[in-house]
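**Student:** What follows is a single structure, and I will ask about it in a moment.
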Amino acid sequence: MNVHTYEKIWLVASLFLIVGFIATVVYGAAGAGIAMVDASGGTVDSTSLSENERFGEPGVERVGDGEYEVTVVARQFMYQPDPIRVPADSRVTFYVTSADVIHGFQVVGTNVNTMVIPGQVAKITVDFDEPAEYGIICNEYCGQGHHDMEGKLVVVPEDEYGGDDA
Amino acid sequence: MTNEELPGEELFLDRFPDEAQVVRASLWSAFVALGIGALAGIVQALHRVGYVRFIDSADYYTVLTLHGVLLVISFTIFFLVGLFTWAVTRSLDRPVENIRFTWAWYLTMVAGTVLAGVAILGGFVDSIPISADVLFTFYAPLQAHPLFYAGLAVFIIGTWLAGFDWFRSWWIWRSENDGRIPLQTFMVLTSMLMWYIATIGVAISVVFFLLPWSLGIIDQVNPLLTRTLFWYFGHPVVYFWLMPAYLLWYTVLPSISGGRLFSDPLARVVFVLFLILSTPVGIHHQYLDPGIAEGFKFIAMTNTMFLLLPSLLTAFTVVASMEHGARQRGGEGYLSWLGALPWRDPAFTGMALAGLMFAAGGFSGMVNAGMNINYLIHNTLWVPGHFHLTVGTAVALTFMAATYWLLPQLTRRRLYSRTIGLFQVVMWFVGMVLMSNAMHRAGLVGIPRRTAEPQYDGFAFDAGLSSVAELDAQVAIGGTLLFVSVVLFLGNLIISLLEDPMEGTVDRSLPPALSGPEDSPEVLDNLSLWVAIALLLVLLAYSLPIGAIVADGGLFGPGTESYPVVLSWLEVVT
Amino acid sequence: MSGRISRAGLLVILAFLVPVIVEFRTLAALFGVSLSVGQYLVAVTGLVMAVLLAVGAWNLRAGTTADDHTGGA
């Protein structure tokens, strides 16, 4: 096959670019430690969440020194709990599921972003450093009121944080 | 004489009148869909930013479903079947085997579109319990009326029959001819093979799960499973849209530029790469889905990054072919040859601008593909920003530009106004730059896609250097330019058809490639081999993740009761 | 035919300018230059005029050199 020299150079350069892109993603995973949402949250029966040990009581729970778990139920067209309050300088693991259809859960202005699928539990761990207030939006179309679906995440200064809050 | 050349004196519609009729019908169906879809688009653009809201925000999602389905299913695929019928007929230089079969698949596609369209339009009328406000991706447990799912299934069956039609032409040609598959036919066949593999996923989802579920035959579905089966199809469908555009860039654009295709063998390699790599990447649309292990997402990521290769190769070949054409026209120098290209020709300018935009779209796609980077832009307005560059420009603008070129040989009419045509394609480019750029930037600050009113009470988006108001204005202006561009395009076409038929003929012969098929390894034409590899890669990419989803949650979903189904027509009537 | 930039060519060049104009303030900010809206408008008007003048000058130059291709488009 006749491959022009310039084309060979282009092909090699393209492959370098591709491998380079893959390398940046690998760095993100292995170096910077960004984990993807995965199957470790397990499954759940979306029709009986109120009887579920975890999702029966959405809210914030302290599980260790500077470590918190936030259990969130998304439904048309709101999040429970709302607002979500966590202290600054903490490591928070969110457990998010849906009571009805597919939703999104995005903390605006951050990379905290996950799909919320009924039957599945989205588990993501986030480090919060500074006090701040964030909006949470549903970014997956979920019905007629989709555009009204929002929540709030408040990262409270440590000394002001009163304790497990819903 | 190769089959790549029609004698310059004979118009396609004189040589193949029956086929020309089907091609015209297909293209008209495509343009009707384009017009309605474009109208939906301007309504959305102005509604989202809050400038003009004359519909209920709840109806926005009906409009959005219409926009998505009509533009990326009807417009793109009707154009594809028309173009492919033209391409196979002319490159094999033989009529279709049975014109009635050809009409049958075309009408099947029309029937499917009508069924789905009725279901969608029912969403505007509250008193009719028919709706399909589920968007182009129709994720369960949002449920549409069964007509919607049935319509999509019928449409896809129509396309399967179309592929069979073209394969049959090739089989018969092959029994009578030696030699390599003519390039255009090769492209059609590989595209259709990819399509057959790609539609397996969505066909299973619709036929075994969604349709029976919407009819009440089964109680519930596993949302993650049906979503995964959709995206099995949802990525290769974008290549189904792109491959006819590539066919035009490879086989027509060099000729319009005044020259010849740089390399036939590399063109075949590109299409083979799409055949084998397009499907085993679908999980890159599900990077943020719970229920799928990171390892499967990583595999999808690497496959996707390699899928950049055929497009990068295309960039080289297309630009090289254009340069060759420019130099044939007298262009010289390192860069000044650009000036020798036929910029006055809207067919050329449209395709060239489309190709350029595609490069930008490819790079924003690479960000999407970047697994962990995807967190920043998933479901934000960045994503429509990206695909308006790819399907919205690389494909749509190329189709419009190609129509200007195809018009005489399909209708015996010259384009009414080249100037308006040129204006139209440039206006599309400018409008898209404005809109898509603003969408990318809006997505980066977190503004969501698929949302009727992306203005929230509890917080404000921080648009950094500029402001949300500025971004909104750009989306509105860009969207308006795009809509005007479609109006100009359709108007120009319609007036052209009202003109008198032209006298004489135009030379639409396509010269052979500089490096022809005789230079390409015969293994490239071994379609069975490539299909086998494609299926193997699909198996490797999907068997484990789907197995895990079913093992963890069951075929019909975790839990033993019905999911609450919303927007369900069954709930409305019972 | 080679050398002269036709009206169609000019149209395309101006189209290419659009993304630059749209992101001009962002571009400037990356270099630490923050422009008010008024300054920005002046700057982009100047940019467009500079491009038009450049094309005009190029065409004048192309017109007076001896290599005239009389072959058709």
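Residue numbers (our numbering), protein chains in the order written: chain G, 973 to 1138; chain Y, 500 to 1073; chain H, 355 to 427. Where is the CB? At the ideal position from N, CA and C, for every residue including glycine.
(1) Is it buried or exposed for L395(H), if we count other Cβ within 10 angstroms and need 16 for buried?
(2) Taking the C-alpha atoms as reference points, what is the distance between V932(Y) and D1010(G)?
(3) Provide the residue span of the beta strand (DSSP E) that contains R949(Y), from first to last.
(4) Nearest-angstrom Cα distance between L533(Y) and L570(Y)?
(5) For F666(Y), which residues from the same chain have a beta carbon less than 8 angstroms from its beta carbon, with the 5 sequence-adjacent residues on both sides left out?
(6) Let me make sure I understand the geometry here. Which of L774(Y), L914(Y), L724(Y), G920(Y) has the alpha-carbon closest to that of L896(Y)?
(7) Tell me whether R911(Y) sits in a helix, a strand or coil according to DSSP, three-state version.
(8) Taking S1062(G) as part of the beta strand (DSSP E), name the residues at either end of that continuous run.
(9) Between F647(Y) and the ligand ZN, is the CB less than 7 angstroms from at least one heavy atom?
(10) Buried or exposed for Q785(Y), going by 16 or more other Cβ atoms inside 10 Å?
(11) Under the rule that 16 or more other beta-carbon atoms within 10 Å means buried, what is D513(Y), buried or exposed?
(12) Would you mind working out which of Q923(Y), F647(Y), A814(Y), F797(Y) sits nearest I872(Y), comparing C-alpha positions?
(13) To the nearest angstrom, how far is it from the Cα of T1073(Y) to the Cα of T848(Y)?
(14) Looking at chain Y, is there any beta carbon in it that lies within less than 8 angstroms of the beta carbon of M1050(G)?
(15) Tell me which residues share the same chain as G1117(G) and place their Cβ nearer than 7 angstroms to its Cβ, disregarding the 5 neighbours each side in the sequence.
(16) Leaving out five residues on either side along the sequence, give the residues of the same chain with a beta carbon under 8 angstroms from the beta carbon of G368(H).
(17) DSSP on A1012(Y), reduced to helix/strand/coil?
(18) Whole angstroms are fine: how far does the CA of V398(H) sit from the CA of A408(H)?
(19) State buried or exposed for W670(Y), treating a residue as buried only when at least 16 other CB atoms are found within 10 Å of its CB.
(20) Less than 8 angstroms between the CB atoms is what I'm expecting for P743(Y) and F635(Y), so what's the real figure, rounded?
(21) Flag this pair as yes or no: are the beta carbons of V1093(G) and G1014(G) separated by less than 8 angstroms?
(22) Distance check for L752(Y) and L760(Y), CA to CA, integer angstroms please.
(23) Would you say G1153(G) faces chain Y, with C-beta separation under 8 angstroms as the test?
(24) Just verifying my parser: in three-state terms, what is the DSSP assignment at T1059(Y)?
(25) Of all Cβ atoms in chain G, is any one closer than 8 angstroms to the Cβ of N878(Y)?
(26) Look up L505(Y) in the DSSP assignment and say whether it is helix, strand or coil.
(27) Is M850(Y) buried or exposed, if buried means 16 or more other CB atoms sit within 10 Å of its CB?
(28) Against chain H, does F838(Y) count as a neighbour if the rule is that its beta carbon must be under 8 angstroms from one of theirs?
(29) Could you tell me the distance, in whole angstroms, from the CA atom of I994(G) to the CA atom of D999(Y)?
(30) For V705(Y), tell me which candidate among D718(Y), F663(Y), F647(Y) has the shortest Cα-Cα distance.
(31) Determine the extent of the beta strand (DSSP E) in which T1104(G) is found, giving its start and end residues.
(32) Output needed for H480(Y): all residues of its chain with C-beta closer than 6 angstroms, excluding positions within five of it in sequence on either side, in chain order.
(33) Who are the Cβ neighbours of E1102(G) in its own chain at under 8 angstroms, not counting the five residues just before and after it?
(34) The alpha helix (DSSP H) with H887(Y) in it runs from where to where?
(35) Would you mind sorting L880(Y) into buried or exposed? The rule is 16 or more other CB atoms within 10 Å of its CB.
(36) Are the CB atoms of Y745(Y) and I1109(G) nearer to each other than 8 angstroms?
**Tutor:** Put simply:
(1) exposed
(2) 36 angstroms
(3) Careful: R949(Y) lies outside any beta strand (DSSP E) and carries neither H nor E.
(4) 6 angstroms
(5) L688, M691
(6) G920(Y)
(7) coil
(8) 1062 to 1070
(9) The model on display carries no ligand, and the ligand ZN is accordingly not part of it.
(10) buried
(11) exposed
(12) F797(Y)
(13) In this prediction, T1073(Y) scores a pLDDT of 37, lower than 50, which makes its location untrustworthy; the coordinate-derived value is nonetheless stated afterwards. Those two C-alpha atoms are separated by around 56 angstroms.
(14) no
(15) Q1048, F1049
(16) Here residue 368(H) is Leu; the residue named in the question, Gly, does not match the sequence. Cβ neighbours of L368(H) beyond the five flanking positions: V402, V405.
(17) coil
(18) 15 angstroms
(19) exposed
(20) With a Cβ gap of about 19 angstroms, P743(Y) and F635(Y) do not count as contacting.
(21) yes
(22) 8 angstroms
(23) For chain G, the structure presents residues 973 to 1138; residue 1153(G) sits outside this window and is missing.
(24) Annotation note: pLDDT 38 at T1059(Y) (below 50); position unreliable, coordinate value reported separately. In this structure, T1059(Y) counts as coil in the three-state DSSP scheme.
(25) yes
(26) The predicted position of L505(Y) is uncertain, since its pLDDT is 46 and thus under 50; no value can be drawn from it.
(27) buried
(28) Per the sequence shown, residue 838(Y) should be read as Gly rather than Phe. Chain H contact via Cβ: present.
(29) 57 angstroms
(30) F647(Y)
(31) First, the amino acid is wrong: residue 1104(G) is Ala here, not Thr. Element bounds for A1104(G): 1104 to 1109.
(32) The question about residue 480(Y) has no answer here: the residues shown for chain Y are numbered 500 through 1073.
(33) A1060, V1127
(34) 881 to 888
(35) buried
(36) no
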